[in-house]
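Going by our numbering, the sequence shown runs without a break in its numbering and finishes at 304.
The C-beta atom is built at its ideal place from N, Cα and C for all residues, glycine as well.
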Amino acid sequence: MREQDKQHRFLIETCDVNGQIVQLDKCWKDARARTEYPPTIQTVLGEAFVATVLLAAMLKMDGKCTLQVRGPGPVHLLVVQVNSEGECRGLARWKDEPKSHDVKTVFGEDATMTIAIESSNYDEPYQGIVPLEGDTLADAMGHYLSNSQQLRTQLIMSVNTDSASGLLLQKLPSSEARTEDEDGWSRAKQFASTVTDEELAELGAQELLRRLFFEETVRLYDAKDVVFKCSCSRERTGNMLIGLGMAEIEDILAERDDVAITCEFCDAEYRYDSVDIAALFKGAVSDDDTPTQVH
Ligand SMILES: [Zn+2]
Numbered sequence: 010m011r012e013q014d015k016q017h018r019f020l021i022e023t024c025d026v027n028g029q030i031v032q033l034d035k036c037w038k039d040a041r042a043r044t045e046y047p048p049t050i051q052t053v054l055g056e057a058f059v060a061t062v063l064l065a066a067m068l069k070m071d072g073k074c075t076l077q078v079r080g081p082g083p084v085h086l087l088v089v090q091v092n093s094e095g096e097c098r099g100l101a102r103w104k105d106e107p108k109s110h111d112v113k114t115v116f117g118e119d120a121t122m123t124i125a126i127e128s129s130n131y132d133e134p135y136q137g138i139v140p141l142e143g144d145t146l147a148d149a150m151g152h153y154l155s156n157s158q159q160l161r162t163q164l165i166m167s168v169n170t171d172s173a174s175g176l177l178l179q180k181l182p183s184s185e186a187r188t189e190d191e192d193g194w195s196r197a198k199q200f201a202s203t204v205t206d207e208e209l210a211e212l213g214a215q216e217l218l219r220r221l222f223f224e225e226t227v228r229l230y231d232a233k234d235v236v237f238k239c240s241c242s243r244e245r246t247g248n249m250l251i252g253l254g255m256a257e258i259e260d261i262l263a264e265r266d267d268v269a270i271t272c273e274f275c276d277a278e279y280r281y282d283s284v285d286i287a288a289l290f291k292g293a294v295s296d297d298d299t300p301t302q303v304h
């Protein structure tokens with residue numbers, strides 16, 4: 010059985026082509042643990058997870074990378090976030106079940122894809138908003154990567170209930186190219202295009218590369234773990250409540266037994282009854298307790 014929840018980088022030396030293989034298993038199941046997604050939305054969400062993991066690795070950033078798609082279609086929001094530790098989280102929100110996983114059907118015409126990067130490598134957060142080009146999210150992401158990095162890119166994905174997988178090829182910039190082989194890119198692309206959904210989902214990275222590029226020299230680098238993990242916590246939620254102020258919370262507690270906050274990303278629920286709230290605010294100076302001077 011192949012390794013689970015891994016991201017692999019490789020280099021096809023004889024073609025001057027960089028690549029990645031991402032195969033998400035438990036991470037992908039954990040991402041859907043609390044939400045029953047219709048099949049078409051599941052496909053798009055799986056592609057978004059794979060695409061964001063690939064993108065985060067390509068940027069070699071120290072921070073987090075967020076992919077967000079918004080549109081007027083049946084799925085009005087899709088968001089996936091991956092950090093440099095390989096921790097990812099994400100969700101989709103929908104009004105109706107789309108009839109296919111074509112991006113125009115899922116998100117509607119004029120939907121946009123936003124890529125946001127917060128990283129210590131950049132002075133300021135980066136945000137790029139682009140139209141969704143192509144039929145699938147894999148196409149759209151392939152276009153984005155080709156344009157933003159000015160390097161030819163090919164992206165193939167396969168999503169089912171057990172795994173979400175992707176194979177990415179990118180031509181090396183000419184400054185890094187070692188061979189004089191003009192045909193390298195088209196050869197690599199041609200070999201990659203023969204991959205089947207089953208091969209991409211089931212074969213280990215080594216075996217997959219051997220099958221696809223058997224005539225080429227391929228170097229496979231160490232794999233990296235990918236895991237579903239949400240950065241929400243009781244502490245963060247508590248700080249948010251303190252930020253709201255005691256008066257607001259007392260209004261809620263006057264009508265119900267506790268204050269419940271549900272994390273949008275992982276659906277974890279944090280509940281606070283009046284005792285919890287008292288403990289939370291003890292020591293915390295809320296805005297409402299701060300004397301204000303009235304002139
Ligand atoms: Zn969460």
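Item                                                                                                    : Value
Cα-Cα separation, V78 to G55                                                                            : 13 Å
Backbone secondary structure at C74 - three-state DSSP                                                  : strand
Bridge-paired residues (DSSP) for W96                                                                   : Note on residue identity: the sequence assigns Glu, not Trp, to residue 96. In the DSSP output, where bridge partners are listed per residue, E96 has V236.
S129, DSSP secondary structure in three states                                                          : coil
Local Cβ density within 10 Å of P300, reported as buried at 16 or more and exposed below that           : In this prediction, P300 has a pLDDT of 40, which is less than 50 and means its spatial position is unreliable; nothing more can be read from the coordinates.
Heavy atom of ligand 1 within 6 Å of F274 beta-carbon                                                   : yes
When Q90, T121, E189, A288 are compared against N248, the one with the closest alpha-carbon             : A288
Through-space distance from E278 to T246, alpha-carbon basis                                            : 10 Å
Closest by C-alpha distance to T205, when choosing among S195, R196, R220, E191                         : R220
The segment 259-267 in contact with the segment 33-45 per 3-pair CB rule at 8 Å                         : no
Segment limits, beta strand (DSSP E) that includes Q215                                                 : No beta strand (DSSP E) holds Q215; the alpha helix (DSSP H) holding it covers 214-221.
For S109, the residue or residues it bridges with in DSSP                                               : Answer by DSSP bridge pairing: none, since S109 is not bridged.
L239 CB to nearest heavy atom of ligand 1 below 6 Å                                                     : Per the sequence presented here, residue 239 reads as Cys, with Leu not at that position. For ligand 1, at least one heavy atom lies less than 6 Å from the Cβ of C239.
Classification of V284 by the beta-carbon crowding that lies within 10 angstroms, buried from 16 upward : exposed
Per-residue DSSP class, three states only, for G255                                                     : Rather than Gly, the amino acid found at residue 255 in this sequence is Met. Helix at M255.
Contact test: A120 Cβ vs ligand 1 heavy atom, cutoff 6 Å                                                : no
A40 CB to nearest heavy atom of ligand 1 below 6 Å                                                      : no
beta-carbon A277 near ligand 1 non-hydrogen atom, thresh 6 Å                                            : yes
N169 versus T23, E118, Y281, V59, residue with shortest Cα-Cα distance                                  : V59
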